[in-house]
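Residue numbers (the working numbering): 435 to 749.
Cβ coordinates follow ideal geometry from the N, Cα and C atoms, glycine included.
Reading through the structure tokens given below for one structure.
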Ligand SMILES: Cc1cc2nc3c(=O)[nH]c(=O)nc-3n(C[C@H](O)[C@H](O)[C@H](O)COP(=O)(O)OP(=O)(O)OC[C@H]3O[C@@H](n4cnc5c(N)ncnc54)[C@H](O)[C@@H]3O)c2cc1C
């Protein structure tokens, strides 16, 4: 049996869940195992439809009214117990929750743990991304059971309509060692790690007063904004937008780098993006060699034209 951890947010299941579901279903084709979603959040009708559209026939909702806030210690204990009872394996995605839960679950059950997985295994040898995507390792779990975490955007998503059955198991457990007093939203912008599209600016923008074109392009594309490290160090943008080796590592479907040279430390955080578009005045900039598409030109001319063109297409 293969479990898939289903993580929810305001709009339903997170996109990564569909990647892990497809992955687990493809894996199960070879092993003839059943794939079951495991979820500790409330499942609404939208989530139910999503599960049906992506081929998941069964979900187990582990329920306790105290599970409304994510608690890595508590959730990992519950998931570890559930999969141990069934002698099952489990697939997570490399989201923030996945990163907290997967190693804890493996450790609690003494299962093998592999993260950053980028493809289906052959004879249980999994491909794993290492060194910020610069190398691939082949790894085999040595224990009978395993926990794996899939690198985001590394596997395709397949839609296949099925009917899904949800069973609710009430969990009676001593609740968390922490109590969430309140939560306040500090921003309505799209979270960088979850964004499908990211528009990033570098020192080529010359100053914080020029960030309007980055924000406008991001808004029209429904994208998150990011920046290079010097931009954050200069306080042109907040540090939580800094991507790279020492910042956040992202892998959106589309990364648009504007006025960023593409230093190796920057690339380390973004080179797993599916498509990279660079706008740079310098044809010799390292990013031009490391991208899928490059526009060689002054960003102050190119970006407004790009915004106009997108507006025309959207009309
Ligand atoms: C230990 C260490 C860790 C680091 N970690 C990170 C990290 O996590 N993330 C990170 O980003 N950096 C990191 N750095 C810094 C990194 O080495 C580079 O210095 C940095 O990424 C450069 O930022 P930039 O591309 O914005 O600026 P620059 O290198 O100054 O490049 C600006 C680019 O803008 C272009 N440009 C200029 N004017 C225009 C225009 N009008 N239109 C279009 N293009 C224009 C230029 O041609 C140039 O390519 C790290 C460095 C070290 C030593």
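From the options, pick the residue whose C-alpha is nearest to that of residue i; which is it?
| i | options | result |
| --- | --- | --- |
| residue 442 | 502, 737 and 635 | 502 |
| residue 714 | 691, 488 and 702 | 691 |
| residue 539 | 566, 562 and 507 | 507 |
| residue 606 | 643, 621, 488 and 516 | 516 |
| residue 704 | 720, 717, 723 and 682 | 682 |
| residue 614 | 436, 500, 744 and 462 | 500 |
| residue 610 | 504, 449, 558 and 597 | 504 |
| residue 710 | 600, 440, 634 and 514 | 634 |
| residue 550 | 612, 466, 664 and 685 | 685 |
| residue 733 | 747, 748 and 716 | 716 |
| residue 543 | 447, 510 and 688 | 510 |
| residue 724 | 739, 702, 736 and 742 | 702 |
| residue 575 | 596, 566 and 548 | 548 |
| residue 712 | 729, 700 and 699 | 729 |
| residue 688 | 708, 677, 697 and 678 | 708 |
| residue 532 | 665, 490, 440 and 652 | 440 |
| residue 637 | 650, 617 and 665 | 665 |
| residue 472 | 518, 552 and 492 | 492 |
| residue 719 | 487, 460 and 693 | 693 |
| residue 604 | 745, 476 and 451 | 476 |
| residue 599 | 566, 737, 494 and 586 | 494 |
| residue 572 | 587, 556, 470 and 464 | 556 |
| residue 528 | 452, 678, 466 and 697 | 452 |
| residue 646 | 741, 469, 486 and 488 | 741 |
| residue 654 | 518, 450 and 737 | 737 |
| residue 585 | 651, 706, 602 and 474 | 706 |
DSSP three-state call for residue i: helix, strand or coil?
| i | result |
| --- | --- |
| residue 470 | strand |
| residue 464 | helix |
| residue 636 | coil |
| residue 734 | helix |
| residue 484 | helix |
| residue 547 | strand |
| residue 534 | helix |
| residue 491 | coil |
| residue 437 | strand |
| residue 589 | coil |
| residue 458 | helix |
| residue 627 | coil |
| residue 594 | strand |
| residue 613 | coil |
| residue 519 | helix |
| residue 697 | coil |
| residue 667 | helix |
| residue 739 | helix |
| residue 511 | helix |
| residue 605 | coil |
| residue 504 | coil |
| residue 540 | helix |
| residue 748 | helix |
| residue 619 | coil |
| residue 702 | helix |
| residue 656 | coil |
| residue 644 | helix |
| residue 650 | helix |
| residue 759 | The first residue shown for the chain is 435 and the last is 749, placing residue 759 beyond what the model contains. |
Just list the residues that DSSP pairs residue i with in beta bridges.
| i | result |
| --- | --- |
| residue 572 | 561 |
| residue 498 | None; residue 498 has no bridge partner. |
| residue 477 | For residue 477, which the question treats as bridged, DSSP gives no partner whatsoever. |
| residue 676 | 661 |
| residue 832 | Residue 832 lies beyond the stretch modelled for the chain, which goes from 435 to 749, so this question has no answer here. |
| residue 447 | 442 |
| residue 600 | 493 |
| residue 527 | 584 |
| residue 709 | 688 |
| residue 729 | 713 |
| residue 556 | 559 |
Hey, does residue i have any beta-carbon neighbour from chain C nearer than 8 Å?
| i | result |
| --- | --- |
| residue 599 | The structure shown has no chain C; it contains just one protein chain. |
Handout entry: Contact the region 652-664 vs the region 615-633: 3+ CB pairs below 8 Å
Key = yes
Problem - Chain-ordered residues, beta carbon under 5 Å from a heavy atom of ligand 1 - result: 636, 637, 638, 662, 663, 664, 678, 679, 680, 681, 693, 694, 695, 697, 699, 700, 714, 715, 716, 719, 732 and 733
Exercise for the section: Take every Cβ of the region 445-456, pair it with every Cβ of the region 581-599, and state whether three or more of those distances are shorter than 8 Å. Expected result: yes
Exercise for the section: Evaluate the contact criterion for the region 523-532 versus the region 571-584: three or more CB pairs, one atom per stretch, below 8 Å. Expected result: yes
Practice task
Spell out a yes or no on whether the region 640-652 and the region 664-673 are touching, meaning 3 or more CB-CB pairs, one atom from each, closer than 8 Å.
Solution key: yes
Handout entry: Contact between the region 554-565 and the region 481-493 (3+ Cβ pairs under 8 Å)
Key = no
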